[in-house]
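Peer 1: Encoded as structure tokens, here's the structure I'll be asking about.
Protein chains in written order, with the numbering used here: chain A, 37 to 132; chain B, 54 to 542.
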């Protein structure tokens, strides 16, 4: 399965990655080769086979819906690239 | 032998006999790090001051209390931690520029357990960025070299963890294994590497790569140390919903040098063309040794073996693309200096922060999950995963453990596979299916090539039967000397 440069750009957009023209070229070639290899799976008949999402399928454990505090706000904000008071600071989202 | 060459259990015995102290051991290892680290490059961060303080505290506990610490074999033992384990206050990079300056606000549960057992933390070990790779060449931080031949890779992704133990830069280390990332580097550096059953060790506080496959485990100098580390790491954690609440056996009790009547399964699919002749010979010899110890070898078949790598590169990349969506430059991690609007902030921060292999996998994972391709790739991959799991279930009807090689070749030259991602992916051909099936697997030393490169063999057991694996490994180890060799540095 050959991936065109347009398809690579479309995937990059979905993945929120900005690629240079060289990267687009490289990933187009490499991802096509990997997908060709992955397509060996098409030789298998998987009709009627249940998919496995997790190797150990156990029911999701539940806990009581009570508020606990594992972290302080300061610790949660300590790694923020930009903050103001008790907020994460981001560029303006709505146009003026 | 120097202190840094010894194992956890040997050092524990010396501590009990008051023949050494944690401070003395820790200083010996720190000195070793200073001496060989410029060649080996195993560490991203060395936490010298913390290690000294913890060693001093361990010695105080040992001096004060003659009783309780004796049952804690990690008390005062200096360990290295893979740099995808969060430890509060210690920089954790995952070998990625995107987490260049990340200081975790909490500690991974399994790391907490090691600390509670009295372990001393020497620092954070190198890996392939986000644990994606088989050679540790994908690290954005440092080039780790194989202590057995500095021109060669140490394996990956836990390459720093392997190189550090092999070079005496820590007594044992932790790793993570999503497709072979503990077992492959252990095999290429003459160590014991153990990937427990999926669900045995909590992943809370481990930086996620592929959540249905990731598992934590130890890299050690012998099987006894492996059992000690597994004991300390294992356990249920309410913070990891995939960690199972099952009793934990006493793994030390599994270490009996007797496998009379045990059935070792040999899957024919793992002994086919393309394998290095010296690796094939070492495997044959290992089988003979186990037979001499009284085990019976039976032929088993795992017919879907060849489909493991393509299945893995659908499922692991799909999960990775989802897990790595969190790196957005907003709450932590790298943020671009020229954001423009919000979308550009995401795109630029991520593109500047992630390296080429991580981007490649995010792209592949995004593609297989995208509309129109989801059924053809992702669902099909999950179905093949079922077939792979069933192969093992059927094989284990005939045997107690399965024996295979870990890697088709010994350690390869730095740069040899970096231009061909597919070639690199195929290095994991013998380890990946164990993750897909969620089984425990371990790698242990079983020989050397003529040029002195280590060769490893893999043991695989049923879910939660780590003890069987450890038992066979221990019996084999007692009958051989490979694990006693150390590289010359």
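Beta carbons are placed, not taken as given, at the ideal position from N, Cα and C, and that holds for glycine. Fair warning: this is a prediction, and the values are worked out from it, not measured in the lab.
Of all Cβ atoms in chain B, is any one closer than 9 Å to the Cβ of residue 127(A)?
Peer 2: Residue mapping note: residue 127(A) aligns to position 91 of the first chain, counting from 1. It does; some Cβ of chain B falls within 9 Å.
Peer 1: What residues in its chain sit with their C-beta under 7 Å from that of residue 471(B), if we drop five residues either side in the sequence?
Peer 2: Locating residue 471(B) in the second chain gives position 418, where the first residue counts as 1. Only 190 meet the Cβ criterion.
Peer 1: What span of residues does the beta strand (DSSP E) with residue 177(B) cover, start to end?
Peer 2: Position 124 of the second chain holds residue 177(B). Start and end: 173–178.
Peer 1: Using a Cβ-Cβ cut-off of 9 Å, state whether residue 291(B) counts as contacting chain A.
Peer 2: Within the second chain, numbered from 1, the residue matching residue 291(B) stands at position 238. Residue 291(B) counts as touching chain A.
Peer 1: What are the partner residues of residue 205(B), as DSSP defines its beta bridges?
Peer 2: Your numbering for residue 205(B) matches position 152 in the second chain. Residue 205(B) is bridged to 466(B).
Peer 1: Return the residue from the list 308(B), 530(B) and 100(B) that minimises the CA-CA distance to residue 510(B).
Peer 2: The sequence position of residue 510(B) within the second chain is 457, counting from 1. Measuring from the Cα of residue 510(B), the nearest candidate turns out to be 530(B).
Peer 1: Could you compute how far the alpha carbon of residue 215(B) sits from the alpha carbon of residue 226(B)?
Peer 2: By 1-based counting over the second chain, the position of residue 215(B) is 162. By 1-based counting over the second chain, the position of residue 226(B) is 173. In a straight line, the C-alpha of residue 215(B) is about 8 Å away from that of residue 226(B).
Peer 1: Please identify, using Cβ separations under 7 Å, the residues of the stretch 70–83 of chain A that lie next to chain B, in order along the chain.
Peer 2: If the cut-off is 7 Å between Cβ atoms, the stretch 70–83 of chain A has 70, 73, 74, 76, 77, 80 and 82 near chain B.
Peer 1: Taking the alpha carbon of residue 219(B) as the reference point, which residue from 207(B), 276(B), 115(B) and 330(B) has its own alpha carbon closest?
Peer 2: The residue given as residue 219(B) occupies position 166 in the second chain. When each option's Cα is compared against that of residue 219(B), the closest is 207(B).
Peer 1: How would you list, in chain order, the residues of chain A whose beta-carbon sits under 9 Å from the beta-carbon of residue 413(B)?
Peer 2: Within the second chain, numbered from 1, the residue matching residue 413(B) stands at position 360. Within chain A, the residues near residue 413(B) are 62, 63, 66, 67 and 70.
Peer 1: Taking the runs of the alpha helix (DSSP H) that are 4 residues or longer, which of them lie wholly in the stretch 126–204 of chain B?
Peer 2: If we require 4 residues or more, the alpha helix (DSSP H) runs fully inside the stretch 126–204 of chain B come out as 162–169.
Peer 1: What are the boundary residues of the beta strand (DSSP E) that includes residue 121(A)?
Peer 2: As a working mapping, residue 121(A) is identified with position 85 in the first chain. Careful: residue 121(A) lies outside any beta strand (DSSP E) and carries neither H nor E.
Peer 1: Could you check what DSSP says for residue 74(B) in three-state terms: helix, strand or coil?
Peer 2: Against the second chain, residue 74(B) aligns to sequence position 21. DSSP places residue 74(B) in coil when its eight states are reduced to three.
Peer 1: So what's residue 235(B) in DSSP terms, helix, strand or just coil?
Peer 2: On the second chain, position 182 is the one that residue 235(B) refers to. DSSP places residue 235(B) in coil when its eight states are reduced to three.
Peer 1: Along chain A, which residues have their Cβ under 9 Å away from the Cβ of residue 394(B)?
Peer 2: As a first step, residue 394(B) is located in the second chain; it is residue number 341 there, counting from the start. Simply 127, 128, 129 and 131.
Peer 1: Thinking C-alpha only, which one of 424(B), 155(B), 145(B) and 364(B) is nearest residue 116(A)?
Peer 2: Walking along the first chain from the start, residue 116(A) turns up at place 80. Ranking 424(B), 155(B), 145(B) and 364(B) by Cα distance to residue 116(A) puts 155(B) first.
Peer 1: DSSP puts residue 510(B) in a beta bridge; with which residues?
Peer 2: On the second chain, residue 510(B) is found 457 positions in, with the first residue counted as 1. 458(B) and 497(B).
Peer 1: So, is the C-beta of residue 279(B) closer than 9 Å to a C-beta in chain A?
Peer 2: Your numbering for residue 279(B) matches position 226 in the second chain. No, residue 279(B) does not count as interfacial toward chain A.
Peer 1: Drop a sphere of 10 angstroms on the beta-carbon of residue 98(A), count the other beta-carbons inside from all chains shown, and report buried for 16 or more, exposed for fewer.
Peer 2: Numbered from 1 along the first chain, position 62 holds the residue referred to as residue 98(A). That one is exposed.
Peer 1: Give the DSSP bridge partners of residue 270(B), in chain order.
Peer 2: Translated into the one-based positions of the second chain, residue 270(B) becomes position 217. Bridge partners of residue 270(B): 228(B).
Peer 1: Comparing C-alpha positions only, which one of 118(B), 295(B), 370(B) and 391(B) sits nearest to residue 402(B)?
Peer 2: Along the second chain, read from residue 1 onward, the residue named residue 402(B) stands at position 349. It is 391(B) whose Cα lies nearest to the Cα of residue 402(B).
Peer 1: Check whether the stretch 340–360 of chain B and the stretch 320–331 of chain B touch, using three or more Cβ-Cβ pairs below 8 Å as the test.
Peer 2: With the cut-off at 8 Å, the stretch 340–360 of chain B and the stretch 320–331 of chain B touch.
Peer 1: Does the beta-carbon of residue 99(B) have 16 or more other beta-carbons within 10 angstroms, so that it is buried, or is it exposed?
Peer 2: Residue numbering aside, residue 99(B) sits at position 46 when the second chain is read from its first letter. By the neighbour-count rule (16 or more Cβ atoms within 10 Å), residue 99(B) is buried.
Peer 1: Is the CB of residue 255(B) under 9 Å away from at least one CB in chain A?
Peer 2: As a working note, residue 255(B) is residue 202 in the second chain. So, not an interface residue.
Peer 1: Taking 9 Å as the CB-CB cut-off, is residue 107(A) touching chain B?
Peer 2: Stepping through the first chain from its first residue, residue 107(A) is reached at position 71. True, the Cβ-Cβ gap to chain B drops below 9 Å.
Peer 1: So which residues on chain B does residue 104(A) lean against when the C-beta distance must stay under 9 Å?
Peer 2: Working through the first chain from its first residue, we reach residue 104(A) at position 68. Within 9 Å Cβ-Cβ: nothing; residue 104(A) doesn't reach chain B, min ~11 Å.
Peer 1: Taking Cβ positions, are residue 91(A) and residue 399(B) nearer each other than 9 Å?
Peer 2: To locate residue 91(A), count along the first chain from 1; it is residue 55. To locate residue 399(B), count along the second chain from 1; it is residue 346. Their beta carbons are not under 9 Å apart, which means residue 91(A) does not touch residue 399(B) by this criterion.
Peer 1: Going by C-alpha distance, which of 279(B), 232(B) and 289(B) is nearest residue 265(B)?
Peer 2: Indexing the second chain from 1 puts residue 265(B) at position 212. Of 279(B), 232(B) and 289(B), the residue nearest in Cα terms is 232(B).
Peer 1: Just mark residue 121(B) as buried or exposed, buried being the case when its beta carbon has 16 or more other beta carbons within 10 Å.
Peer 2: Your numbering for residue 121(B) matches position 68 in the second chain. Exposed, since its Cβ has fewer than 16 Cβ neighbours within 10 Å.
Peer 1: If you run the structure through DSSP and keep just helix, strand and coil, what is residue 112(A)?
Peer 2: Position 76 of the first chain, counted from the start, is the residue given in the question as residue 112(A). Looking at residue 112(A) - three-state DSSP - the assignment turns out to be helix.
Peer 1: Using DSSP bridges, identify the partner residues of residue 57(A).
Peer 2: Within the first chain, the letter at position 21 stands for residue 57(A). Paired residue(s): none; residue 57(A) is not in a bridge.
Peer 1: Grab me the residues of residue 150(B)'s own chain with a C-beta within less than 8 Å of its C-beta, minus the 5 sequence neighbours each way, in chain order.
Peer 2: Within the second chain, numbered from 1, the residue matching residue 150(B) stands at position 97. Here the set comprises 193, 387, 405, 406, 407 and 408.
Peer 1: Here's a check: name, in chain order, each residue in its chain whose Cβ is nearer than 7 Å to the Cβ of residue 269(B), leaving out the five neighbours to either side.
Peer 2: Residue numbering aside, residue 269(B) sits at position 216 when the second chain is read from its first letter. Correct list, in chain order: 163, 227, 229, 254, 256, 259 and 286.
Peer 1: What residues in the stretch 220–246 of chain B have a beta carbon less than 7 Å from any beta carbon of chain A?
Peer 2: Here the close residues number zero.
Peer 1: Going by the beta-carbon positions, is the gap between residue 172(B) and residue 137(B) smaller than 9 Å?
Peer 2: For the purposes of this step, residue 172(B) is taken as residue 119 along the second chain, with counting starting at 1. For the purposes of this step, residue 137(B) is taken as residue 84 along the second chain, with counting starting at 1. Against a cut-off of 9 Å, the Cβ pair of residue 137(B) and residue 172(B) comes out as no contact.
Peer 1: Do you know how far the Cα of residue 126(B) is from the Cα of residue 122(A)?
Peer 2: Looking up residue 122(A) in the first chain gives position 86. Looking up residue 126(B) in the second chain gives position 73. Each residue's alpha carbon lies about 44 Å from the other.
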